[in-house]
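Numbering (this note's numbering), first residue to last: 80 to 410.
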């Protein structure tokens with residue numbers, strides 16, 4: 080419970096950090112947008128995705144997904160705030176615990192004992208969070224500038240906290256009633272904290288950020304959307320991350336729709352994790368005399384006896400995928 084409270088406090092502090100960055104940047108675009116208050120187009124919109132999976136019985140697990148995107152548009156400006164979170168909890172296998180008070184000799188076996196069933200509580204298994212705020216302002220019909228900041232966490236990928244502030248230029252290639260396509264490119268500053276320190280990676284760095292957004296309305300009910308973001312460390316090109324999502328939504332009515340999405344999270348240089356070093360061994364007798372006491376263990380590919388020989392360090396996998404089905408509430 081104490082660790083959960085600490086985690087929530089850290090999570091809240093990072094959100095406040097992002098909000099603070101946006102607050103610092105807000106005067107930049109507040110004067111721009113305040114001049115547009117009398118314009119005809121200034122619309123709020125919101126899309127909220129909800130997904131829940133609960134398993135009880137022989138397997139106990141709970142998975143919650145929540146995504147909310149809020150937009151406000153003016154004639155020449157756009158403001159977007161986005162929150163995306165996935166949290167999964169699961170229980171480890173049940174076990175039988177021998178009741179206290181039973182005694183048995185060293186090297187002997189415990190006999191005539193009683194046990195009690197241990198039902199473990201649910202523990203956090205997967206935590207992925209992403210918060211972003213972004214403001215776009217048109218320069219011409221097809222060119223705009225933008226500023227924003229983001230914070231994300233992915234505990235399974237070894238990312239505890241990663242904050243990015245960015246700004247740059249973009250192009251609006253298509254903007255019709257059915258199709259919208261835009262790309263943006265600029266500079267970024269990233270500060271990150273990982274579960275394992277990595278001397279081969281910079282904790283904070285200046286980078287290049289590339290983004291694209293594509294929306295296609297397929298008929299009256301179906302909509303396809305795709306977004307892509309890549310952030311690259313300028314000093315180490317191999318240190319880069321990609322976040323891309325492709326989704327199809329089918330409208331049920333004016334407020335509700337069903338959405339299926341596939342998200343790819345790629346880290347070209349992922350963080351480290353500690354792992355056990357194990358060996359499978361077989362007992363051999365070099366001189367053929369079992370009574371000589373000269374028996375040795377020899378490692379084998381399979382079978383034999385499993386023994387722990389220490390701990391090592393490896394990099395986590397470069398790619399995480401998130402497949403999601405959700406109910407979307409729009410207004």
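Where a beta carbon is used, it is the ideal one built from N, C-alpha and C, also for glycine.
- Residue 284 is a Cβ neighbour of residue 314, given a cutoff of 8 Å.
- Bounds of the beta strand (DSSP E) holding residue 254 are 238–254.
- Scanning its chain for C-beta atoms nearer than 8 Å, with the 5 sequence neighbours on each side dropped, one finds around residue 222 the residues 248, 249, 250 and 251, in chain order.
- Of the residues assessed, residue 209 falls on the buried side of the cut-off, its CB having 16 or more other CB atoms within 10 angstroms.
- In the structure shown, the three-state DSSP call for residue 128 is strand.
- In this structure the region 217–233 does not touch the region 187–197; the number of beta carbon pairs closer than 8 Å is below three.
- By the Cβ criterion, the region 268–282 is not in contact with the region 293–307, since fewer than three pairs of Cβ atoms, one from each stretch, lie closer than 8 Å.
- Taking a cut-off of 8 Å for Cβ pairs, the region 227–239 and the region 339–350 touch, as three or more such pairs fall below it.
- The beta carbon of residue 199 sits closer than 6 Å to the beta carbons of 170 and 171 from its chain, once the five residues preceding and following it are set aside; these are given in chain order.
- In this structure residue 166 is in contact with residue 206, their Cβ atoms being roughly 6 Å apart against a cut-off of 8 Å.
- If you check the CB distance, residue 360 and residue 386 come in under 8 Å.
- Per DSSP, reduced to three states, the secondary structure at residue 147 is strand.
- Listed in chain order, the beta strand (DSSP E) runs fully inside the region 305–367 are 319–330, 335–346 and 351–363, counting runs of at least 3 residues.
- Excluding sequence positions up to five before and after residue 293, its CB lies within less than 6 Å of the CB of 260 and 305, all in the same chain and listed in chain order.
- Residue burial annotation: residue 182 is exposed, with fewer than 16 other C-beta atoms found within 10 angstroms of its C-beta.
- Non-local beta-carbon contacts of residue 358 in its own chain, meaning distances under 7 Å to residues more than five positions away in sequence, involve 378, 386 and 388 in chain order.
- For residue 146, the number of other beta carbons within 10 angstroms of its own is at least 16, and it is reported as buried.
- Residue 275 is not bridged by DSSP to any residue.
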